[in-house]
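Asks: As they're listed, the protein sequences go chains A and S. Residues in the first sequence are numbered from 1 upward in steps of one, following UniProt numbering. Residues in the second sequence are numbered from 1 upward in steps of one, following UniProt numbering. In this text, a Cβ means the ideal position worked out from N, Cα and C, and glycines have one as well.
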Amino acid sequence: MRLTKTMRLTATAACAALAISACSTGGDGKKASDQASGGSGKTGGSISIESGEPQNGLVPQNTAESEGSQVEYALFAGLVDYDPKTSAPRLSVAESIETPDSKVWTIKLKDGYTFHNGEKVTAQSFVDAWNWGADQTNAAQALPFFDKIEGSEELAPGKDKTPTAKQLKGLKVVDDKTFTVTLKDPFSQFKTMLGYNAFYPLPKAFFNDPKAFGDNPIGNGPFQMDGPWQHNSQIKVKRYDKFPGKKAKLDSVTFKIYDKLETSYNDLRADNIQITNKLPISAMSTVSQEFGDRYIYKPESGVGYIGFPIATNPAFAKPELRKAISMAIDREAITKTIFSGTRKPADDFISPIIPGYRQGALGEAAKYNPAKAKELYAQSGGLPGNKLEIGYNADGGHKEWIEAVGNQLKNNLGLDVTFKPFEKFGKILDALGKKEYSGAFRMAWQMDYPSIEDYLRPIFSKIAIENGSNYGGYVNEDFESLLAKADSAKTEEEGLKLYQQADDVLIKDLPYIPVYTYMTSGAYTKGVKNVVIDSQNRIDLAGVELA
Amino acid sequence: MGRYVVRRVIQAIPVILGATFLIYALVFLLPGDPIQALAGEKRADPTVVAMLHDRYHLDDPFFVQYWHYLIGLFQGDFGEDYRGHAVVDVMTRAFPYTINLALMALGVEMVIGVVAGVVAALRRGRFIDNLVLISTLMVISIPTFVIGFVLQLLLGVKLNTDYGIDFFPVSFNEDAGFRAYLLPAYVLASTSLAYIARLTRTSLIEVMRADYVRTAVAKGLSPLRVVVRHGLRNALIPIVTFLGMDLGSLMGGAVITEGIFNIPGIGHQLFQSVYLRERTIVVGVVSALVLVYLFTNLVVDLLYAVLDPRIRYE
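Here's what the structure looks like:
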């Protein structure tokens, strides 16, 4: 595109005019930074960030997806939050969280927290919110999060049954600032769970009209709503000045809702939005040149596996066989060529960002070694007819990597690999649940709270066969007893060690083969700084400031 | 004329009913549990799934579910989606954007398409005619989403970052007013625009050969008057038909354009709802689109009478 001299002049003039009129509304990040002298950041200013349309109303107990949790992270403050670097829990609204036996927990609140409508945040605000979430008549997405608390089965007795209580027996309000939680069994990681959005408090106004609340939530966090949620368009929040915790630096943030990541990326490049934590695949090859050190690239919590229905298909029973398959997969090649570096080879069952992760824990099993794999495969007796079927859901972009894995197994082990696409993720789960499908399958796990335990029990424990994500039907009593021991550990550290021992059992057994961990990729414009993405792929907006 | 209109409106009722039934059945047949879709890539809690299935009658057979829907419909209740939003709210929120976009696209089509066609027809076989021929051919052969992304990148991003001209918003932005619709409307109109240019050209060339045009020229009327009053007026009949049909497809076909430019309109909504198996929204939106088709068809038929007095309805 060529410009004449006059056009150039006009363009420059327009530029100057924009710079002058800049500091008023959203989208002024770049222009503001043109005038800033650099150095220390400043309070104030407005930015826009990329978002998708949250699935449900903005009720923390009914939010199970990332878009909604990001907004709620700005609007609410929980008992604890997580250190963005280590993912360790830090006290937030809670003054102290103590337990003598990991079973009865006493939670004391700090002074001064209020909801955005002025109502005080009390012990009752938490207890009411949790009771609502635990009551199955409300059909909240976070329902299973409360099943560790005593009395949960009375509020959620299951399908076709009516709850016999309105309140969790295990929750007791001692005074305005104190409440106790009694769990069914000891659980040393309970404190870590409490940063999850299911455990946020709710104001009284919520219970009058939950539906209206969903469009215009009243939280207790660093930001408050600035007008109701404009569906499919945007959600605006502004700083809550009476927030006693770490106050937000920015005046306001607009969550701009996008349908296509290509569009939001173009908006980022044009400085119409300032931060995104989701980049389109098409941007991966150029983003680091374009954004330099403002390009964020770090592991996130998700892990991708190849799973085996151990319980239903005896052909997969031998751990050596699964190890042989694991060693025949070239993880490096798959993450580089198929995922353009948006994934990293997995080397533990635990995500790299979680306390307790050990680099290279999978050892030999995760190292690409076709010769050894072939040997091991022969030793294990192999698969009947050398046939292997791999199922995957066709709605999530898994075809390419599953076929690549299939080809590697074909070449390295001489297997006759076939593929079975399922239309939707739910379909594959149904088929596995009803034992109608007995081939290998693609699976993934994204944590709920940053605890090592969340990578073990929900996927590989006995109770997770019925109520969790143990689709393979894997059972190992050693694993179970180590989990139980770790649960009742007196300290976090002691618990961590025991959970790692449970992890070692999995590494020996390989009920699933971890293939890759997901990577967060984001970027931000010159106008902002202090952009930190935490282990749940959320941006800590209270900390962001204009550069 | 009045009776004709009434008859047409009454005829629309079975069409609407049939359409809702077909669409409902089709969405019903889509695999995947809408409640599972609410939980994303995680397995929804079985108790929650059961409660919600119960609330939305999801375990009932197809006809029972459709019956529930129809009963609601007759009471003026379009139902709610699985997240508790009233379908009517969802539609009244999304439709204005799409209507703006479609009308603007229609305007672009009409102005650019007809002018290009007229110019090409009057300068038949000359350079300008060939230019229109080639450029329309190009526009028709490039997929809409390619045109969309290229224009967005060139006029939205590059013009802004390289030259500081912030005239075309990259994505939809309420504050930008009508400017926000310019690029998407052009992209949405591009294919039809090419057809209109071709259609106008052919139609006008034919009309200009007619006896009454020759008579008009012989009477000494000004060339402009001959072309506009005697030529174009008669040449417009097939074009009006095309435009009328096109308004419906512009509204329905906005899925791609609205996606690229992030306009929170009906196409955007429809795409999401099909993906999330939101039956009530899909049926509501598509039925509304059927209504638009029926209505524009009626308007087109009535416009014939205005354009050509020999065509009258009774």
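Using only the alpha-carbon positions, how far apart do A:I459 and A:I353 sit?
Replies: A:I459 and A:I353: Cα-Cα distance of roughly 18 Å.
Asks: Using a beta-carbon distance below 8 Å, is S:S171 in contact with chain A?
Replies: Closer than 8 Å: yes.
Asks: Determine whether the beta carbon atoms of S:F172 and S:I99 lie at a separation below 8 Å.
Replies: Not closer than 8 Å, so no.
Asks: Listing by chain order, which chain S residues have their CB less than 9 Å from the CB of A:E423?
Replies: The contacting residues are L30, P31 and G32.
Asks: Starting from A:D215 and walking both ways along the alpha helix (DSSP H), at which residues does that stretch end?
Replies: A:D215 -> alpha helix (DSSP H) spans P210 to D215.
Asks: Taking C-beta to C-beta, are A:G307 and A:F76 nearer than 8 Å?
Replies: Taking 8 Å as the Cβ cut-off, A:G307 and A:F76 do not qualify as a contacting pair.
Asks: I'd like to confirm the pairing. Which residues does DSSP put opposite S:A86 in its beta bridges?
Replies: According to DSSP, which records beta bridges pairwise, S:A86 is partnered with S:E80.
Asks: Nearest-angstrom Cα distance between A:Y295 and A:T254?
Replies: Distance between the alpha carbons of A:Y295 and A:T254 is about 21 Å.
Asks: Quick one: residues in its chain with C-beta nearer than 8 Å to the C-beta of A:P421, no 5 flanking neighbours on either side, listed in chain order?
Replies: So the list reads G391, Y392, N393, A394 and K399, once near-sequence residues are dropped.
Asks: Tell whether a beta-carbon distance below 8 Å holds between A:G468 and A:P511.
Replies: Taking 8 Å as the Cβ cut-off, A:G468 and A:P511 do not qualify as a contacting pair.
Asks: What are the residues of the stretch 68 to 79 of chain S that lie near chain A, defined by any Cβ-Cβ distance shorter than 8 Å?
Replies: The stretch 68 to 79 of chain S vs chain A, Cβ under 8 Å: nothing.
Asks: What residues of chain S sit near A:G158, judged by a beta carbon separation below 9 Å?
Replies: Those are P46, T47 and A50, listed as they occur along chain S.
Asks: Would you mind sorting A:K166 into buried or exposed? The rule is 16 or more other CB atoms within 10 Å of its CB.
Replies: When all chains shown are included, A:K166 counts as exposed.
Asks: For S:G156, return the contacting residues in chain A, with the cut-off set at a CB-CB distance below 8 Å.
Replies: Simply N266 and A270.
Asks: For S:S192, report the span of its beta strand (DSSP E) as first-last.
Replies: It is not in any beta strand (DSSP E) - S:S192 instead sits in the alpha helix (DSSP H) that spans R179 to M208.
Asks: Given a cut-off of 8 Å on the beta-carbon distance, is the pair A:I49 and A:I338 in contact?
Replies: Result no, Cβ atoms of A:I49 and A:I338 do not sit closer than 8 Å.
Asks: Taking only runs that begin and end inside the stretch 174 to 203 of chain A, name each unbroken alpha helix (DSSP H) of 4 or more residues, in chain order.
Replies: Listed in chain order, the complete alpha helix (DSSP H) runs (minimum 4 residues) inside the stretch 174 to 203 of chain A are 190 to 193.
Asks: Would the beta-carbon of residue 382 of chain S fall within 8 Å of that of S:S287?
Replies: What is shown of chain S runs 1 to 314, which leaves residue 382 of chain S out entirely.
Asks: When burial is assigned at 16 or more other CB atoms within 10 Å of the CB, is A:L143 buried or exposed?
Replies: Flag for A:L143 reads buried.
Asks: Rounded to whole angstroms, how far is the Cβ of A:N412 from the Cβ of A:K374, which I believe are closer than 8 Å?
Replies: Sure, about 7 Å apart at Cβ, within 8 Å.
Asks: Between S:V299, S:L294 and S:T200, which has its C-alpha nearest S:A120's C-alpha?
Replies: It is S:T200 whose Cα lies nearest to the Cα of S:A120.
Asks: Between S:V274, S:L17, S:F168 and S:Y304, which lies nearest to S:F261 when the distance is taken from Cα to Cα?
Replies: Comparing Cα positions, the closest option is S:F168.
Asks: Along the stretch 243 to 263 of chain A, what residues have a CB closer than 9 Å to any CB found in chain S?
Replies: Against chain S - using a Cβ distance shorter than 9 Å - the residues of the stretch 243 to 263 of chain A are K256, I257, Y258, D259, K260, E262 and T263.
Asks: Using a beta-carbon distance cut-off of less than 8 Å, what residues from the stretch 126 to 156 of chain A approach chain S?
Replies: Under the 8 Å Cβ criterion, the stretch 126 to 156 of chain A contributes Q136, T137, A139, A140, Q141, L143, P144 and A156.
Asks: On the DSSP bridge assignment, give the partners of A:E545 in chain order.
Replies: DSSP output for A:E545 lists A:K529 as bridge partner(s).
Asks: Roughly how many whole angstroms lie between the Cα atoms of A:K485 and A:L183?
Replies: Approximately 15 Å between the Cα atoms of the pair.
Asks: Buried or exposed: where does A:A198 fall if 16 or more other Cβ atoms within 10 Å of its Cβ makes it buried?
Replies: Buried, since its Cβ has 16 or more Cβ neighbours within 10 Å.
Asks: Pull up the DSSP beta-bridge partners for A:V104, would you.
Replies: The partner list for A:V104 (beta bridge, DSSP) reads A:T182.
Asks: How is the alpha helix (DSSP H) around A:W132 delimited, first residue to last?
Replies: First-last of the alpha helix (DSSP H) with A:W132: A123 to A134.
Asks: Please confirm whether A:S233 has its beta-carbon closer than 8 Å to some beta-carbon of chain S.
Replies: It does: the Cβ of A:S233 has a partner Cβ on chain S nearer than 8 Å.
Asks: How would you write the range of the alpha helix (DSSP H) that S:M235 sits in, first residue to last?
Replies: A quick correction: the sequence has Ala, not Met, at residue 235 of chain S. Run containing S:A235: R233 to G252, per the alpha helix (DSSP H) assignment.
Asks: What residues from chain A crowd round S:H57, counting only those whose CB sits closer than 9 Å?
Replies: Under the 9 Å cutoff, chain A gives no residues; its nearest Cβ is about 14 Å from S:H57.
Asks: By alpha-carbon positions, which one of A:E493, A:V505, A:Y455 and A:E492 ends up nearest to A:E477?
Replies: Taking only the C-alpha atoms, the option nearest A:E477 is A:V505.
Asks: Residues of chain S with a CB under 9 Å from the CB of A:N470: which are they?
Replies: In chain order: nothing, as chain S lies at least about 11 Å away.
Asks: Could you round the C-beta distance between S:V88 and S:F74 to whole angstroms and report it? I think they count as a contact, below 8 Å.
Replies: That pair is no contact at about 15 Å.
Asks: Closest to S:R55 by C-alpha separation, out of A:G57, A:K159 and A:P89, would be which residue?
Replies: The candidate whose alpha carbon is nearest that of S:R55 is A:K159.
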